[in-house]
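Counting with this note's numbering, you get residues -11 to 282 for the letters of the sequence shown.
A short write-up of the structure that comes next.
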Amino acid sequence: MSDYDKLKLSPSKLGDLQIRRTKRTKNARIYKQIANGKENWYPLPEDQLPAEITSFQRIEIRYVDSEVIAFLQRIERLFKDCGIVLRVHILPNQRRSWSIFKDKIWPMINKNITAFVTPSTWLPLLQQNIAQTALINFANLRMLEYFNAPPSQEAIDWLHISSTDGRPKAVRCGLLGELVDDFRARFVAASSPTIFIVLLHCVQPIEPFQIDNDVTNERMELQLLTNADPRTTALVHRRLLVRCPVDRNVEQWKQFEQSVLNWDSATHPRLYIQLNDVHLGEDITNEGEGTSNQ
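Structure representation (structure tokens):
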């Protein structure tokens, strides 16, 4: 019997796992809550990942020591084979946590991140602590989810970098009317094409529009959607901002738009990193540089 069997959701998929430090032993364990609310704690598997396991549901990392890093290295194949939805919560002053994340975890996961689920303040932190060109370097990144908050300037700039595979980039966010005006002005002045779709949850109504850019042979449309947000009872003004070629495959673009409207992070492999400097093991803390301002 494999050490991984109790962690599976299905024969080929690991389930919803949390890596924590236990209060009693202070060692890293995998926490797994089953349907009846009972809490189960499992040791980190020490054997190699079985070949039949090809995906995972969700992995949440709340504690890191050398044993945790070794376990992540054993399952690193999953991060390379699956399109990862990444969410990171590390405060700006947690310098050792950022150092460990950058040096130990980031190299294992950054090649196949397909989506960020992030507050608007996180991308600047990513660029500050990882690399200024972090977003540009993600060949597979297609989605930024902003929890109905306005997108950061980094996200807007990323949208305007041309894709090479013909698939539009996408952002789901809240947006103020003046930012729509900025998108529109940037489109009118553009001399090179790019494609993207932005799902907007606006705090005020914004009138739909359609404009063309003859230089790039593109169209920008602001489409009116239903006001009923399926995730909340609040009244919002939902819009879809689309930048696309004038001569496009209409049916294909309808599919692109529907995929953005229906996108749900819960249907993808999710990796959630939530760290602070007190949740680092002593055997790995010494490798990090700097101190936190706590």
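Don't be surprised by glycine CBs; every beta carbon is placed ideally from N, CA and C.
Being a predicted model, the structure only gives us computed values, none of them experimental.
- [ ] Would you give the residue range spanned by the beta strand (DSSP E) that W29 belongs to?
- [x] 27 to 30
Open item on the list: Rounded to the nearest angstrom, what separates V91 and F197 at their Cα positions?
Closed with: The displayed chain sequence assigns Asp, not Val, to residue 91. Going from the Cα of D91 to the Cα of F197 covers about 46 Å.
Task: Whole-angstrom distance between T42 and K(-6), CA atom to CA atom - done: 16 Å
TODO: If I'm right that L111 touches A143 with Cβ under 8 Å, what's the distance once you round it to whole angstroms?
DONE: 6 Å
Task: Residue nearest to I185 in terms of C-alpha spacing, selected from H267, L210, N205, T10 - done: Measuring from the Cα of I185, the nearest candidate turns out to be L210.
- [ ] For the alpha helix (DSSP H) holding K68, just list the boundary residues, first then last.
- [x] Per DSSP, the unbroken alpha helix (DSSP H) holding K68 starts and ends at 64 to 69.
- [ ] Assign A143 to one of three DSSP states: helix, strand, or coil.
- [x] helix
Task: Distance between W146 and V56 (C-alpha atoms, nearest Å) - done: 33 Å
Open item on the list: Could you check whether the Cβ of S(-2) sits closer than 7 Å to any Cβ belonging to chain C?
Closed with: No chain C is part of this structure, which consists of one protein chain only.
- [ ] Could you give the DSSP three-state label for H148: helix, strand or coil?
- [x] coil
Task: For N136, three-class secondary structure by DSSP - done: Three-state DSSP puts N136 in coil, outside helix and strand.
Task: Length-filtered (3 minimum) beta strand (DSSP E) runs lying within the segment 2 to 52 - done: 16 to 21, 27 to 30, 43 to 49
Task: Beta-carbon proximity list for C161, same chain, < 6 Å, skipping 5 on both sides - done: Y134, P139
- [ ] Determine which residues share a DSSP beta bridge with E206 and list them.
- [x] N201, P233
- [ ] Taking R75 as part of the beta strand (DSSP E), name the residues at either end of that continuous run.
- [x] 72 to 77
Task: Rounded separation between V230 and V73 - CA only - done: Straight-line spacing of the CA atoms in V230 and V73 works out to 23 Å.
Task: H267 in three-state terms, based on DSSP - done: helix
Task: Boundaries (first-last residue) of the alpha helix (DSSP H) holding I97 - done: 94 to 97
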